[in-house]
Amino acid sequence: MIPHPTLGQMLLGALARSFGWALGLSVLTFVIHSLWAAYRLAWNPVDLFGFAGTIFLVFWGLLFALFLIGSSRSWSDRVFTLAGFLATFFGLAILAVFFAQLTAEVVQWARHTPALIDLENKRNQQIIEDFKKIKATKATALARLLTERDEELKKAATDEEKKEIRELFKFGIEDAERNLVKIEGQKVDIAESSMRPDRSLGSILFYFLSNNPSDKPQDAGILPALAGSIWLGLITIVLAVPVGVGAALYLEEYRQEGRLARLIQININNLAGVPSVVYGILGGFVFVYLFQHLHDSYPRIAARNLLGGGLTLGLLTMPVVIVSTQEAIRAVPLSLRQGAYALGATKWQVIWNIVLPMARPGILTGTILSLSRAVGEAAPLVFMGAKTFVDQFPYPHTPFTALPLQIFNWCDRPPVLVAGDDTPLDMWKYNAAVASAVLLIVLLSLNGIAIVMRNRAQKKMRY
């Protein structure tokens, strides 16, 4: 009797066979598509290679599913195997296409931004050169006027005539010439301050991270939005973690079973799934209407500041922190509690020395994951008066913006026209792609921190 192959052998065999077939079909499709694109004079390497990658993933996934079905034991196994694989494959394929598109737009940003900066530098340099010419011309004219004035003064017979001549030159032509030069000088100051000689990728990225928004895509930055997101995260942690952990400790360790306790637990579980826009409405009513302007008949937009947005996000994440902390507390072995009680420890000593240290990995993981959700939220911030354009560093009492809102603002802007090129350049979308990449890096960093802190806490635990 021939033994049936194991699941690993089936997977490896299906992967190997499907990879070869998918690669061959993808190359053939890519060649045909490239010839057709060249015939239509629409040959774009970025689009073609993106098309080739997508076609390869589709072919590989479908062929892998077919080969895997053919090696399954029965039709029921084949159906469930196909369903599970298709769900996983299409999810990963959509994610891969998203990251590929995001990477392509970031590459376009890195490609076009130095060119736009170079054009802006040339424009500013032209302003400076024109100013130098104007300054030289005005200086010559001014010297001529002074010479004429001196000649008129020599011709004057009386002191009154000399005084009139001086006043005429002082408050007339001479004053107008100097004011014109002063106005042009202000333009030159702006042009000189806008010069960016370093067009390296590192310098451009640092400028993007440390500069305020601008009406020019090559000069726009995300510093207020990034600082606003960091502020919101800090305020969220300060509110949600102490209150959420304390509430979870009470519900798990001190509450008495009854209808009220069950009702509270059900509401907390339901609050964890409430849409974020509802929290935005609640935060706008509580933190603006009631707390900040009790004497007003209506809440003012100016009162909707960064502190209110952070408190609203704290309300949003608090149910998640409570539920995750409860799960972590329930995972603490009962034998450890009983051993501590047998040694004469009080309830608080057991909680502080046994329960919380053992539950710390789960608490940290739930807290940072809920913080990741808060950093990516935009709907509650809209109700709190968050702006799409802020050109100053935010503080808790000032107007603010956040990375999701900044990304939305840039995505809604039209393409820009570059001098000497009739084709519009979608630089605002490229800026939004880079800001999205920064936001993803922040979220992935938070998740990585959660994993590291959880692993370290688990290593420190001793049973």
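Residue 778 in the working numbering is what sits at position 37 of the sequence shown, and the numbering runs on without skipping anything.
Ideal Cβ positions, reconstructed from N, Cα and C, are used throughout, including at glycine.
The bridge partners DSSP lists for L1166 are V1157. The three-state reading of DSSP puts L1056 in helix, counting H, G and I together. Note that the C-beta distance between I1095 and L1077 is below 8 Å.
N1011 is classed as exposed because its beta carbon has fewer than 16 other beta carbons within 10 Å across all chains shown. Pairing P965 with P958 gives a Cβ-Cβ distance that is not under 8 Å.
Taking the C-beta atoms as reference points, P1135 is found nearer than 8 Å to G969. Close CB contacts of G1051 within its chain, under the 6 Å cut and outside five residues either way in sequence, are with L973, I976 and T977 (chain order).
By the criterion of at least three beta-carbon pairs nearer than 8 Å, the region 996-1013 is not in contact with the region 1175-1183. For the pair L1184 and V1116, the CB atoms are nearer than the 8 Å cut-off.
Straight through space, the alpha carbons of R1000 and M1059 are spaced by roughly 22 Å.
Just measuring C-alpha positions, the residue of R937, K873 and I1190 sitting nearest N862 is R937.
Counting only residues of its own chain and dropping the five nearest sequence neighbours on each side, L1105 has a CB closer than 7 Å to the CB of A1191, M1194, R1195 and A1198. Inclusion of G1021 and V1062 in the CB contact set at 8 Å is not warranted, their separation being larger than that value. Inclusion of L1144 and L967 in the CB contact set at 8 Å is warranted, their separation being smaller than that value. For T1108, the enclosing alpha helix (DSSP H) starts and ends at L1097 to V1116. Under the criterion of beta carbons closer than 8 Å, E1118 and L1057 qualify as touching, at roughly 7 Å.
In the three-state DSSP reduction, Q1147 falls in the helix class (H, G or I). Taking a C-beta distance under 8 Å as the contact criterion, T1087 and A989 do not qualify as a contact pair. In the three-state reduction of the DSSP assignment, V1175 falls in the helix class. Annotation for P965: the continuous alpha helix (DSSP H) segment containing it runs L964 to L990.
Taking C-beta separations shorter than 7 Å and ignoring five residues to either side along the sequence, the partners of L1166 in its chain run H853, P1156, V1157 and V1159, following chain order. Per the C-alpha coordinates, the member of Q1079, V1073 and G1103 positioned closest to V1064 is G1103. The Cβ atoms of A1100 and I1070 sit closer than 8 Å to each other.
Taking C-beta atoms as the reference points, T1053 and G1080 fail to come closer than 8 Å. In this structure, A1174 places its C-beta atom within 8 Å of the C-beta atom of V847. It is roughly 24 Å from the alpha-carbon of W1151 to the alpha-carbon of R864. Contact annotation: M1168 and L857 have beta-carbon atoms nearer than 8 Å.
When K1170, T878, V1019 and L1112 are compared, the shortest CA-CA separation from G1189 is found for L1112. The Cβ atoms of T1139 and T1129 lie no closer than 8 Å to each other. Taking C-beta atoms as the reference points, G1055 and A1127 fail to come closer than 8 Å. In the three-state reduction of the DSSP assignment, R1071 falls in the helix class. At a Cβ-Cβ threshold of 8 Å, I963 and P855 do not count as neighbours. Within the model, the alpha-carbon separation for S935 versus K1170 is close to 23 Å.
The Cβ-Cβ distance between L942 and A851 falls below 8 Å.
Annotation: E994 to I1009 spans about 16 Å, alpha carbon to alpha carbon.
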